[in-house]
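In the UniProt record's numbering, the protein residues as written are 1 to 308. What follows is a short report on a single structure.
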C-alpha cells in the first residue's frame, strides 16, 4: 500500500521539556491510522506539526512524497480536541465561513452543508446561534466543517469525546465511509475499543518516543500470550490427563452450557499447534478451537508500563 504521510526523526522541545524525541512513522494511504498514547506523551504536538501549527526542531514530514509545504493545509482536515465555535454567530453562517477558509465558494459550501446537516439531523439548527447548541450538536457541526472540503488527509483528535453511544456510532460509520471513499484518517484517542473497531494501523507514543507501530492485527498476534481455548464434548478429566505431561491447562477453565466443556491451554512458542489439536482430538470431540488474542487495551497498558 502506498504511503501518504511520513514522519522522519522528528524532535520537538519546549523549554526544558522534550515533547517528541526522534519520532518516525509511516501512514498508509486509504487507512485509518490510530495515534495512541497516555496524556502528555507527545501526540498533540505531533498533530500540530503535521498541521503546520508548529514546526519541529529537527526531522521532516513528507506528504505525498514531498516535504510538507504551507499549501498542503488545504488537503488536510483537522478536528482538534480543544473545540471552539463563535457562540454568537448563527450555525449555518459560521459553517459557511469555515468552509470558505478552506477554499469553497459560498454556493458550493451551502449545498454541501445542507446535505451534511440533514444527514446528521441538525438541519433545523441552521439559523440558531451556536450558544443554543448542545455540546454534542456543536461537535457534529465541527466534524462537518472538518470534512466538508473533502481533504485527502483527515486528523481527528478524540472525536468521540462527549458523544453518547448512538452518535459515537454515527461518527464511526462516517469515518469509515470517508476512508472507503479514499480519504486517509489519523485518529488520536484513548478509547481502545474504538481503536479495535475502526483502525487498520497504529502507533503508540509514550514519553516522547514511538514505542510500537504496525498493523493492528499483526501487533495483536505478535503480543499474544500463547493461550488457546478449546470447546469440546467428552470427558473433561480424560482430556486433562492426556495434556498434563506436555501442556499447561489453566486453572480458570470452566464448563460451558448444554453439556459442552471448555479448557484454556497455554502453548509454548516452540510447540506446534497441530500437535496440540491432535492430542485433544484423540481424547474428546472438538467443537471449537481458538487462540485468545490480547485486546489493544491490554497491549496499551503493558507497552506503557514497559512490559512488552
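Just so you know, even glycine gets a beta-carbon here, dropped at the ideal spot from N, CA and C. No experiment lies behind these values; they were computed from the predicted model shown.
Cα separation between residue 48 and residue 157? 11 Å
With H, G and I counted as helix, E and B as strand and the rest as coil, what does DSSP make of residue 17? Under the three-state reduction of DSSP, residue 17 is assigned to strand.
Express the C-alpha separation of residue 159 and residue 35 in angstroms, rounding to a whole number. Computed Cα separation, rounded: 12 Å.
Any idea what DSSP makes of residue 300, helix, strand or coil? helix
Would the stretch 44-61 count as touching the stretch 120-132 if we require 3 or more Cβ pairs under 8 Å? no
Own chain residues within Cβ distance below 7 Å of residue 43, not counting five before or after: 35, 37, 188, 205
Hey, out of 274, 95, 97, 247, whose CA is closest to residue 263's CA? 247
From residue 50 to residue 116, what distance separates their C-alpha atoms? 26 Å
What's the C-alpha gap between residue 66 and residue 147? 23 Å
So, using beta-carbon positions, are residue 288 and residue 230 closer together than 9 Å? yes
Could you check the C-alpha separation between residue 310 and residue 8 for me, to the nearest Å? Since the displayed the chain opens at 1 and closes at 308, residue 310 lies outside it and no answer follows.
To the nearest angstrom, report how far apart residue 125 and residue 19 are at their CA atoms. 40 Å
Could you spell out where the beta strand (DSSP E) holding residue 207 opens and where it closes? Premise fails: residue 207 is in no beta strand (DSSP E) and is neither H nor E.
Residue from 27, 217, 261 with nearest C-alpha to residue 233: 261
Any idea which residues DSSP pairs residue 153 with across the strands? 76, 184
Would residue 154 and residue 178 be called neighbours here (beta carbons separated by less than 9 Å)? Yes, the pair counts as a contact, with Cβ atoms nearer than the cut-off.
Can you grab the Cα-Cα spacing for the pair residue 128 / residue 137, in whole Å? 12 Å
What distance in whole Å lies between the Cβ atoms of residue 141 and residue 91, which are believed to be in contact at a cut-off of 8 Å? Correct: roughly 6 Å between the Cβ atoms.
Please name the residue, chosen from 296, 239, 143, 152, that lies closest to residue 82 on a Cα-to-Cα basis. If we check each option's Cα against that of residue 82, 143 comes out closest.
I need the boundaries of the beta strand (DSSP E) containing residue 266, first residue and last residue. 261-266
Cβ shell of residue 208 (< 8 Å), same chain only, five flanking positions each side left out: Non-local C-beta neighbours of residue 208 in its own chain, meaning closer than 8 Å and more than five positions away in sequence, comprise 18, 19, 20, 21, 23, 41, 42, ordered along the chain.
Consult DSSP for residue 38 and reduce its assignment to one of helix, strand or coil. Residue state, collapsed to three classes: coil.
Using DSSP's beta-bridge definition, name the partner residues of residue 293. Looking at the DSSP assignment, residue 293 forms no beta bridge with any residue, so it has no partner.
DSSP bridge partner residues for residue 11 (one or two, in chain order): 58
Using C-beta distances below 6 Å, list every residue in its chain close to residue 237, excluding the 5 sequence neighbours before and after it, in chain order. none
Taking the CB atoms as reference points, tell me whether residue 317 and residue 296 lie closer together than 9 Å. This structure does not reach residue 317, given that the chain is present from 1 up to 308, and the question cannot be answered.
Kindly provide the ranges of any beta strand (DSSP E) runs that are 3 or more residues long and lie completely inside the stretch 123-151, ordered along the chain. none
Under 9 Å between C-beta atoms of residue 152 and residue 103: Their beta carbons are not under 9 Å apart, which means residue 152 does not touch residue 103 by this criterion.
Out of 74, 225, 112, 110, point me to the one whose CA is closest to residue 267's CA. 225
Candidates 180, 6, 46: closest to residue 30 by CA position: 180
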